[in-house]
Structure formats: structure tokens, C-alpha cells
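Data block below; observations after.
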Amino acid sequence: MDDTVRYVSESGERLSELPFGVDELVSAYRAMRRARHFDDRAVTLQRQGRLGVYPLFRGQEAAQVGAALALSEGDWLVPTYRETAAAITHGMPLSTALLYWRAHPAGWSFPEDLRILPFYVPIATQLPHAVGLAHASALRREGAVVLAFVGDGGTSEGDAHEALNFAAVFMAPVVFVVQNNGWAISVPTERQMRNTRIVDRAVGYGMPGVRVDGNDLVAMLQVMREAVDRARTGGGPTLVEAMTYRLAPHTTSDDPGRYRDGAQTEERERSEPVSRLRALLTSQGAWSEEAEQELLEELKAEFDEAVAQADAAPEPTPGSIVEHVYASMGPDQSRAWEALGGE
Amino acid sequence: MDDTVRYVSESGERLSELPFGVDELVSAYRAMRRARHFDDRAVTLQRQGRLGVYPLFRGQEAAQVGAALALSEGDWLVPTYRETAAAITHGMPLSTALLYWRAHPAGWSFPEDLRILPFYVPIATQLPHAVGLAHASALRREGAVVLAFVGDGGTSEGDAHEALNFAAVFMAPVVFVVQNNGWAISVPTERQMRNTRIVDRAVGYGMPGVRVDGNDLVAMLQVMREAVDRARTGGGPTLVEAMTYRLAPHTTSDDPGRYRDGAQTEERERSEPVSRLRALLTSQGAWSEEAEQELLEELKAEFDEAVAQADAAPEPTPGSIVEHVYASMGPDQSRAWEALGGE
Amino acid sequence: MASEAPAGAVQENPAVAQLTMVQAINQALDQALASDDRVLVFGEDVGVMGGVFRATDGLRDRHGAHRVYDTPLAESGIMGYGVGLALAGMRPVAEIQFAGFLYPALDQVLSHVGRYRHRTRGRFTVPLVVRAAYGGGVHTPEQHADSPEAILAQAPGVKVVVPAGPERAKGLLLAAIDDPDPVFFLEAIKLYRSSREPVPAEPYRHAIGKARVVREGDALTLVCYGGMVEVCLKAADVAARDGVSLEVVDVETLVPFDEETVLGSVRKTGRAVVVHEAARTGGFGGEIAARIAEHAFYDLLAPVARVAGWDAPYPPFTSVEHHYRPDAARVLAAVRQALLS
Amino acid sequence: MASEAPAGAVQENPAVAQLTMVQAINQALDQALASDDRVLVFGEDVGVMGGVFRATDGLRDRHGAHRVYDTPLAESGIMGYGVGLALAGMRPVAEIQFAGFLYPALDQVLSHVGRYRHRTRGRFTVPLVVRAAYGGGVHTPEQHADSPEAILAQAPGVKVVVPAGPERAKGLLLAAIDDPDPVFFLEAIKLYRSSREPVPAEPYRHAIGKARVVREGDALTLVCYGGMVEVCLKAADVAARDGVSLEVVDVETLVPFDEETVLGSVRKTGRAVVVHEAARTGGFGGEIAARIAEHAFYDLLAPVARVAGWDAPYPPFTSVEHHYRPDAARVLAAVRQALLS
Ligand SMILES: Cc1ncc(C[n+]2csc(CCOP(=O)(O)OP(=O)(O)O)c2C)c(N)n1
Ligand SMILES: Cc1ncc(C[n+]2csc(CCOP(=O)(O)OP(=O)(O)O)c2C)c(N)n1
Ligand SMILES: [Mg+2]
Ligand SMILES: [Mg+2]
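Residue numbers (the working numbering), protein chains in the order written: chain A, 1 to 343; chain B, 1001 to 1343; chain C, 2001 to 2341; chain D, 3001 to 3341.
Given below as C-alpha cells:
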């Protein structure tokens, strides 16, 4: 059964009536292209030793950007380490993102008005947090919706299950987006679970489930708008399975040659989301090579500026290690702070 | 949709062709009646201070006995605290069961040939163990199948999810029986999960799921035989949801008056499994009041004998506290053992 | 149990009432719910049933099912959900039925509860309170008598409070709910109903992070907390009959640890015995003893001894269980030994 | 990394080879798999990929996909599944990628791994080995540098082993796999590839439960384990240049703790500094210091000091990370202080 929601073919042809106007798609394209540019440049910085271990998102731009664009300003984004594309789309300054992946404290203290939780490393542990955030929003009738990401591998963790169940029981306004990118480091989805249709779990929790072509920005945005809307209007949580592919290594430290065939990845490059949407827009006369070049210049300038800002962040002091352990330093932290040279 | 497997109506009428001969049903009835007798007597002992906290299983005899009877001798039973009925059906000596619930060490060291894991208190944690046991059996081509129990409440724990997924991925020969008895202490299934059809989770894991009237011994035994057979012949795990009802308090320490209506429980007494099967057998001329009385005499004698055996178990020494921490006592245990008076 | 006076006897409002510890806790929760909208109380069986120990008895009726409610049976979910509520600015108070059932939630505790403020440099904080019943002595079923405070205490960023009776419990719990940091609040099962004590009806707060000298003496300091405080006081009573004057310090807050008060006492008496019911090896007593031995080194007249659970799981076997948990006799044996030095 | 010699260089069979710690571990696993059918190796990414640190490199090819395999991404599942295999009589060896990812598995560890033998009076046992990479010093991402040994060490019934280099790691791992009890085997990430050492090609076993004097001295004893052993040895080298002779004891097995060897050394030197990289409060150093202070009381010339991670989460911030983990300078500062006393 192929119930995957899709509006645009792999080669960028329109398969059915588009639910959005072309302007909206152009700005979505710009956001995706911006994310791709960030990713490419981040990898370069990492190779230069100017970022730490960096988890690339190449190939997942539509899933992330499409999901993030469905949010309103007051909505929350709960990302894993993979979701830098979603984060910068939902308003994270590029310099913050860079400093984050530079493991610099200035990148970890997000601006007060940014409704994004910090990137999560311990797999699936963010999901119960998303439910708590969402339930709080509902209890206070705030109207804010929470978008929570998790990977295919992450769905195996107990926390994923507990969070989905809590969300359903509390009818919390949260949308779970599983980016099924085929891999959890070296483990393919087929060895992660027996039924690789993650969407089939939705019925068990008593929530709607949707499988969507996560490399089709149009489909992703449409599915997410419906889900966000449902959440906002009291309809409770939705499980969205976004079918995508991790084109890059797991992180800059990973060597995928140890576990997967390069040819397979090549093959998958053909359905990558950025060129797919570009093909659609180009065929509709809404995008051109010149527009692309102009955009790239803009993105380059923006990124350069962000790097400059990031570089200007003052180095943390050793004493900062024991700051922010508690609201006010306990005696053990104070002693440590002095030993570390204070300041 | 009512897809619940059922052969016998609540009042004991045959709804369709029975899959077993009457002899088999008579011995199943005897096993159920034996369990009921154990439960009743155990409660009395508990009131006399001769057992510790005891988790009654009244109302769940068919689910437990039916499941256990589907096992062969070399198969494993993995119980929660609730499954004394299943355990004594799968060969646990009554005296062992009594000593267990007396919290006496002699009841915790099961006979070597008994393929039953000890009763589990931390909810759902037994399920991954069951998968490991089952996978070991498969890896060694032993042919042994594992029957693992969990409650409706227990399905909310992360371990339940992880275990079901592992079982499916490894195609482990394990049958999961969820006894959906309506309650997790004071929390009804409707507040435990949004979709109370636990069987609907099976598809997500990629395993067969069956909902069965857990108070219908015939249905239970039939469904379990199929599932055990599938597991034994390489067909992998099954999720069985046995619909039953906890007629008794959660344990002898619980006061259900705090959270549920006695009238509702009365109502549920009408569909309790022991009298249902008795009605069926009686209507078929396979059981009589005399047979019942004779059986009760037997059960009484057997139980009295078990109590006598249990009473004869020697009291543990204080030093036993630090025995069996490791295969051989470490220096800290040795020191403690001496302080405790040794022996 | 239904015959107990409704714990939150605020309506009658006597200035002081004789309450059990569980009633004092109930009253603190009641008052916190009444005075701060952001307070939510949740966990397994805390709603309709009022908690397996009745700590939340009546609260759902008084404050509504949207403020006091049952969760599904999943401790990691409870903890993580509580973190989310706290991140959203609520003041969540989660109940974990027994401290041994904190174990499934430890990933949330160790990865997030204690770490969130630090990793986000104060941008996000987790003012979460987690209450859990701990310890033995009342013949609970297997795995219902654990004392896992040392696990929590080794996690930087969380506070660990263990009240020793009704009056302290109420003031500390109200302080914990106000605290900007996560507080684990371990309630000794043995103390829930063992005795009553005058508890002021008005809300009041006790400072977190301070140890208390609960009995003065000069021969030796007993350092203890939670359920062991009454044991140590009893030991001190017995010793007093023999003319030996023991000082008893209730640590009360394990983290942040109040070294000053503990060291002050030991410097005065010159001797210390540390008492807890968790197993000795790796228990929090090691931390306390190490601090005393390091910082009161020149004042010590005898080695710092520890009286603790034996190095074995809390025994599930009824007839020997009482040999595991330290009692006055075992404390006194250690005292005698220390006084010989 | 692909250029490293295949670690299980058994086929060439030189009597001794220069191996890194990760290669020595790989060799131990290889030999255990070869000699005992019951041994199974599993975890996240251990199969096809050979482990994120390559500890299981090549093992799947050599021993088959039914003996060395990937599991789903779920640590509690891995631990509980491993318990089940062990109950069935297998000799499971689970890998948890990083020690911080033991946290989701702690319920299984605390409720079952350490308790099964005790609660069933020896009827059921759990001869499970759990390997996990721990500690910092190599700029791993956030939450990849934890040192949770104190959590494991407070759980009666489990053994905790922390090897300090290639030769020890191989012998201890083979002993752990043979051990009838569960063993947590914590491998310092910093040591995986930092140096090579001659490792006998044949299988051999080192006794679990024994500490080792790795350097003799008379002025003070440094007590340490795992990644801190090389730090302490370096400190001892530096001190030696100043004519100060430090003894270094590698605890190696935290539980069961070898008090005899540690006390023997401290009784001789009269001074001790305990070193670990976990945060100080609640770290296992408290236990060690408490034991020394109690049992070597009359031989101590100075307070027992601890050098440890600061009381904060391991900082995820690259440029300050190295201030957290103890180094030779910090050890020497504590030594100097102790020698003044
Ligand atoms: C609790 C935990 N276990 C293991 C890891 C190590 N780890 C990091 S990413 C990863 C794979 C995650 O796969 P998936 O959820 O599919 O997300 P993706 O990386 O594909 O975005 C693993 C095993 C971790 N970070 N946390
Ligand atoms: C990890 C854990 N959390 C909480 C408990 C306390 N507890 C014991 S039984 C129970 C309810 C279990 O309900 P269910 O799984 O439906 O089984 P039933 O009692 O109905 O057989 C709870 C919450 C526990 N034993 N373990
Ligand atoms: Mg993935
Ligand atoms: Mg139930």
C-alpha cells in the first residue's frame, strides 16, 4: 500500500493540484536553499577545525524546513542534533547555530524569545519534554503548538513510546515528525524494526498518522499545516512519518563506507529535495539561474557575517564550568570556581 | 469493530464449534478451579498474617490458565506478580508459591527444572528478558517457546515497547499476553491510553495481534495454541490481548472503594471465567455438582499439604542477607556476614 | 485510612495541628496548589485515588482534575513530561510511587533534569520537584524499599532533600516547590505515619541546603538523615542513660551539602558515625565520611565509622529484613567502638 | 582508521604484539567468541560497522551474524535482552556506545542485573558483560564524556572493572566474560588509541577484584583507575624529578573493592590522594577516601584528599573541557598540599 502523500515527483513534476501559491513555494525554496548552504559551509568550517563534530542534514532539507515553516512564531520546536535546518528556519540566528556546533557556550544560551529547545543528543529523550511543553500550552490556553522531531532509530527507544502515549492521553498539541532517513548510524531501518512503516504505530496510540514524501517540500508543508492546525484547534497530536534519506555521513566523524554502498547513496541523490523543488519552480517559470545566483550571493554574505559574529564571541573562562549548575552557586561550586581562577 | 475471539458466551453457551474435545476442557476446568481455590485460600492466609502482600488474580483464571496450558514442558513462563495462576499451572509447586508470597527465601529459589522466571515487580521489565530467553532458544534451536505476561498498565512502560520491537526484529519465539483487566491499580484503561485496543499496536511492530475474550478458556487456549505454534515453527512473536477484569482489589493492601464503584465489579462477576466454563461443561453433561465437590476436596487436601510444607521451611539466618550477592562472597559481604552472626 | 483527618485541614485553621508526615506533605501540596497557579501535581494513582500513601488525598477534588491528575504508568515519561512542564514555566510536582521506580526515569534525571540549566547557560531551567517514598522497615513488597539517594546526589545540578519528620517535611516541600532548581524529595516510608508532630497550619518554608543539629552532645556526632534520624535520636537516648552524650546532626539536604554544620559538630566532638540505610559501598555516607575525614582531620580522635545497609540488595525476605536496616543497637555498637579509640 | 592492523591478529600469532587498548579489547572478544559458543556480542552499530570505536571490527565476519549483531537503538532493551540471554545460559557481551547511554538502561541494571542472583538465591544468575566507553579528554560531543561508575558501584551484585591500558584490558575482559556474575567494563575513551603496549597473543586472564601497585614509592599513595592511571603516573614522574617518590595504586576493580592492597600502600606511605574524573560529590572517590580514613586512621599523616571533576556536568564546551578532567598539575597540587601536612 502506498499511501505516501506526494505532490511533486522526484524529477520535479507536479503530480496533482498544488495547495499553495507559487510565492509561498519560492520562499520555501529560499529557506531550503539557505539550509543547504549552511550545511555545506558548516562542513567546510568543520574540516578547518572551526566547528566540532557536526551532524549534517543533507537530503533532509524539505522534511525539516517544511515542518518548521508550518509553525507560527509562538510555536515551539524541539529538535534532535540533526535539525539545524529546522532551527534556522524557525528563527535561530546562524551565528547561534555556528557557536552551538563549535561547542561554544554563547551558542547554547539561545535568545530569550527563540522558542527552540537546545539540540538533543540522548536519543528520543526530547519527546516527553515536547509533550510537557505542549500540555502546558494547552492548560494555559496559549494556543502554542509543539513540533518534535525524532529519527527512525529514535523510535526504538522507550521514551518515544511513552511520549506518544502521554501525548495521546493528554490530547497535547504536539506534532511528532519522524524523519525516516533510512539509517541510524550504520543500522538500516529494516534492522531497526520489522515493519518499517513507522506510521502504522499511530493507530495503536489512537492518533492520526500520515506518511509523507519528506523530500517533497510541498507535501511536507501541506501535511504539517494540517497537523499543526489540528493540534492548535484541540484535535490532539499527530504522528507524521517523513520519508527521506540521509545522503551524508552520520556526522563529520562518520565513515559510511564501512556500512553502506556509495552507489546506493548516489542513486538517492537523484531524489534530493532542493533540486526537486527548484525543478518544479523552474518549470513553472518561478525560478531561474539568475535568481539562484543572486540568492547564493545573499546566503554567502549572511553566512560570512554569521561566522564573523561567531568568531567575535569571547572565550569562556575556566570558572564558567561551575556556573549555572544551580541558580546560585552552592558551596562546592564556589570552591571550585575559586580553584578555577574565578572571574 | 468486535474482532474478539470468543467460543463461549458469558452464560456458558457454545457460540461455535469447539476446537477441543470435552476431556481437554474438563482438565482445563480443573486447572482453573485449582487456581481459584489457591487464590481464595491465599487471601485467607494473608488475613491471618501467614502471607505477605498478595496480588489476587480473581477473574483472570481463564487468561492465565489458558495461556499456561498452551505451553509444553520445556517452554518458559515469564510472569508479573499477578500470574500465580499461570505459574502453578505450568508446574510451580503450591508450596513454592506460598513461600514466595510469604516472602520466604525457600519460595524464591525455584526448583531447577521449573521453567518459570520469578514473579516481577518492576512493571514491564520482564519483557526484554523474555525476548532474550526466546532468542537464546532460537539461536540454539531448542524449540522452547516463551510466554510473557504484562498488564494493560504495563504496556505504557518503555520496556514494553523496546521488548516488542526487539522480539519482532529478532523473530524471537515469544508470545506476549497482555491481560487487559481494566485497571492499573486505580487507573482505568481509558486513562492509561487513548486507544484501548492494545491489539492495535501489533501492526506497528510487524507481528500478528489477536484480541481474545480472556474470560473464555476455550478461546484463550485456542488463540494461545496458535500463537505458541507459530513461535515454535519460526513464525516469530505474537501479541495477544486477553480481555479480562480484575474482580479483586489490586493486592490485599488495596481498597478499590477509593476509585471504583462496587456495583460495576458486581456486574463483572457475571462474566467471570470459572463459572462460565463450568456452565458449559455442565450443559454438555461433562461436569456435575458431585464432580465439583470431589475436586474441591482434592484441592483442599493439596493446599493443606502445601501449607504444611511451607510451614516446615526453616527460617533464614540473618547472614543469608549477604549470601548470593555474588557467586562467592566478596570481602565486604564476608565482613557483613560475620557481623550478622555468620552460619 | 479513610478515617484519618483530611490532611489539608486548612478550613478549620487551627494555628498548629498534630499531623503525620504524610498529612504534612498533603498540606504542603494543598497550600502550594492554592497559592500558585503554576503548580501541578501528577503521577501514578495520585488523582482519583489520592496516592498509594494518600499524600495527594483530596487534592484533585479541591483543585481540579487539570491540576492534580493521573499519568500513564511510565516513570521516564512522567519525569520527561515534568521537565517539559518546567521548561514551559510551570511548577510541576511529580510523584514516583517508590524510589526504586525512579530507576526507569534515571535517563531523564541524569541527562536532563540536572543538566538543563548548565548546558543552556541558564536560558532554560527545570524547577521540578520529584517526590518519592524510600527506604524500608515496613514490610513492603520486594523492590519497594530502596534508598537510591547516592545516585541522585552524584548528579550535579539536582538538589536532594530527605526530611526527617512532619514539621520539617512541610516546610522543606514548600521550599522545594519554590526552588528555581530541581529538587528530589525522598520521603521515608517508615516515617509516613509512625508519629505525629505539631505542624503550623500556615504555609512556611525551611531553607534547603542547611543541616541541623537536632540534639546536642559532646562525645560523638551521629550524622544521619531521613528515616535514620529517629534511629539516631533513640541511640542517643540510650547512650545518655549511660552518661554518654551524643550529638545528632540531621543532614536533611544531601546536595548542596552543608559541610559547615557537619564539620562544626565533628570538630567539637572529635568523633563521628555516619548512618544511612542504603547499602554501605557507594552510599552517600562515603561522601560524608570522606569530607569529615579530610576537613576535620586534625580534630578527629577516632576514625569516622559508617553504619549502613549491608552490601546486598535490600532483602525481600520478611523475617530477616529488620537485620538490614540500621537500628539503635547497631548505631550504638559503632559508637562504643569509636569511643574506645 | 581502516589502516590499523586487524586487531585480532591471531592468524599471524606473534607471541606478543604492540596493540592499542581498542585492539586488545577486540582481540579479547575475538578469542572469547572463538573459544566459547555461548558468547554473543551485540549492541548498537557493533555488527556491520564494527562499533563506533571499532572494538568489534571484523568480529561479525569472523564469527557470523548470529554471534555478533546490531540491535535496535534502545539501551534498556539491550540490557534487558542481555539479561534474558544470560538467564538462558548464554555469555552475552553487550556494548553500550557511551557510558552516558547506560542511563536509559539503569532500571534493568538496578532492578535486575545486580539483584537476580540474590532474589532467587542463586537459582538464576546473570553472567552478563556490559562494555561502555567512558570519560572525557578527546572532545567528544556533549553527553559523550560521562563517568557514571559510582552509580554502578552502589548497586550490590554487579562488579565494576575499569582497565588502565591494553594489556590489562584484554586479560580483564576475558576474565569478565568467564565471571559468573555481571561485570560492567568501563573503557576510558582517552585510552582507546593513545598508546600501544605489548599484549600477549594468547588468551590470558587477570583476576577481577584485585588492585595493583603500578609504581612504588614512599611519600604518598595516588589511588586511581582507568584514564586517571596515566595521569597519576605522569604526576609521579614529575614528582620524582623533585625527589618525591609517589606510589600509584590502580584500583582497577571498583567492586568488589580490594581494600587490602589500597590500605597496605597507604599504611606504608601515610598519605593518600584519590583521583577520578567523575564529579567529586558522590563520586567513587568518597567511598575510597572513607575506607582509607577509617581503616588506615592511625597511619595517616595527612588528610586524604580527592582530585576529581568539578561539581558540574562534564562541560560540553570545547575550550574549557580540559579544565574539568584532572591532569598531572592538579594531582601534584594536591600532593604538595598533603606533603605539607
Ligand atoms: C541514548 C542514546 N543512545 C545512543 C546514542 C548514539 N547515537 C547517536 S545518533 C544515533 C543514531 C540515531 O539514528 P536516528 O534516530 O535514525 O537519527 P538520525 O541520526 O538518522 O538523524 C545513535 C545510536 C545516543 N546519542 N543516545
Ligand atoms: C516501574 C514500576 N512502577 C510502578 C509500580 C507500582 N505498581 C505496581 S502494580 C501497578 C499497576 C500495574 O497495572 P497493570 O500493568 O495493568 O497490571 P495489573 O496490576 O492490572 O495486573 C503499579 C503502578 C511498579 N511496581 N513498578
Ligand atoms: Mg535515521
Ligand atoms: Mg491491569
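Positions of the beta carbon are idealized from the N, C-alpha and C atoms, including for glycine.
Whole-angstrom C-beta distance between residue j and residue i, which should lie under 8 Å
| i | j | result |
| --- | --- | --- |
| D:Ala3312 | A:Val325 | 5 Å |
| D:Thr3269 | D:Glu3247 | 6 Å |
| D:Leu3040 | D:Arg3067 | 6 Å |
| A:Ala227 | A:Thr238 | 4 Å |
| D:Tyr3204 | D:Leu3174 | 7 Å |
| A:Met224 | A:Asn180 | At roughly 15 Å, the Cβ-Cβ gap does not stay under 8 Å, so A:Met224 and A:Asn180 are not in contact. |
| D:Leu3222 | D:Ala3235 | 7 Å |
Residue from the options whose Cα sits closest to the Cα of residue i
| i | options | result |
| --- | --- | --- |
| D:Arg3267 | D:Gly3135, D:Leu3301, D:Phe3053, D:Ala3017 | D:Leu3301 |
| C:Ala2308 | C:His2144, C:Pro2315, C:Ala2293, C:Tyr2324 | C:Tyr2324 |
| C:Val2274 | C:Met2228, C:Ala2239, C:Thr2318 | C:Met2228 |
| A:Phe119 | A:Leu147, A:His129, A:Glu83, A:Pro105 | A:Glu83 |
| C:Gly2157 | D:Pro3104, D:Ala3164, D:Pro3156, D:Trp3310 | D:Trp3310 |
| C:Ser2319 | B:Ala1028, B:Arg1050, B:Pro1019 | B:Arg1050 |
| C:Tyr2103 | D:Pro3180, D:Val3113, D:Asn3026, D:Ile3096 | D:Val3113 |
| A:Val5 | A:Ser328, A:His250, A:Val199 | A:Val199 |
| C:Ala2278 | D:Ala3155, D:Asp3037, D:Ala3132, D:Leu3073 | D:Ala3155 |
Where residue i sits in the DSSP three-state scheme
| i | result |
| --- | --- |
| D:Trp3310 | coil |
| B:Pro1055 | coil |
| D:Met3090 | coil |
| D:Ala3279 | strand |
| D:Lys3268 | helix |
| C:Ile2096 | strand |
| D:Val3048 | coil |
| C:Leu2191 | helix |
| D:Thr3221 | strand |
| D:Arg3330 | helix |
| A:Ile88 | helix |
| B:Thr1238 | strand |
| B:Ile1116 | strand |
Cβ of residue i within 8 Å of any chain C Cβ
| i | result |
| --- | --- |
| B:Leu1340 | yes |
| D:Gly3286 | yes |
Near ligand 1: residue i beta-carbon under 7 Å from a heavy atom
| i | result |
| --- | --- |
| A:Asn181 | yes |
| D:Ile3078 | no |
| A:Ala184 | yes |
Any C-beta of chain F under 8 Å from that of residue i
| i | result |
| --- | --- |
| B:Phe1166 | Protein chains in the displayed structure are A, B, C and D, and chain F is not among them. |
Contact test: residue i Cβ vs ligand 4 heavy atom, cutoff 7 Å
| i | result |
| --- | --- |
| A:Arg6 | no |
Heavy atom of ligand 5 within 7 Å of residue i beta-carbon
| i | result |
| --- | --- |
| C:Gln2108 | Because ligand 5 does not appear in the structure shown, any question about it cannot be addressed here, the ligands present being ligand 1, ligand 2, ligand 3 and ligand 4. |
Minimum Cβ-Cβ distance from residue i to chain A less than 8 Å
| i | result |
| --- | --- |
| D:Leu3332 | no |
| C:Tyr2081 | yes |
| C:Thr2071 | yes |
Heavy atom of ligand 3 within 7 Å of residue i beta-carbon
| i | result |
| --- | --- |
| A:Gly59 | no |
Residue i: CB within 7 Å of a non-hydrogen atom of ligand 2
| i | result |
| --- | --- |
| C:Gly2082 | no |
| B:Thr1080 | yes |
| C:Gln2097 | yes |
Neighbour flag for residue i against chain B, beta carbons, 8 Å
| i | result |
| --- | --- |
| D:Glu3259 | yes |
| D:Leu3087 | yes |
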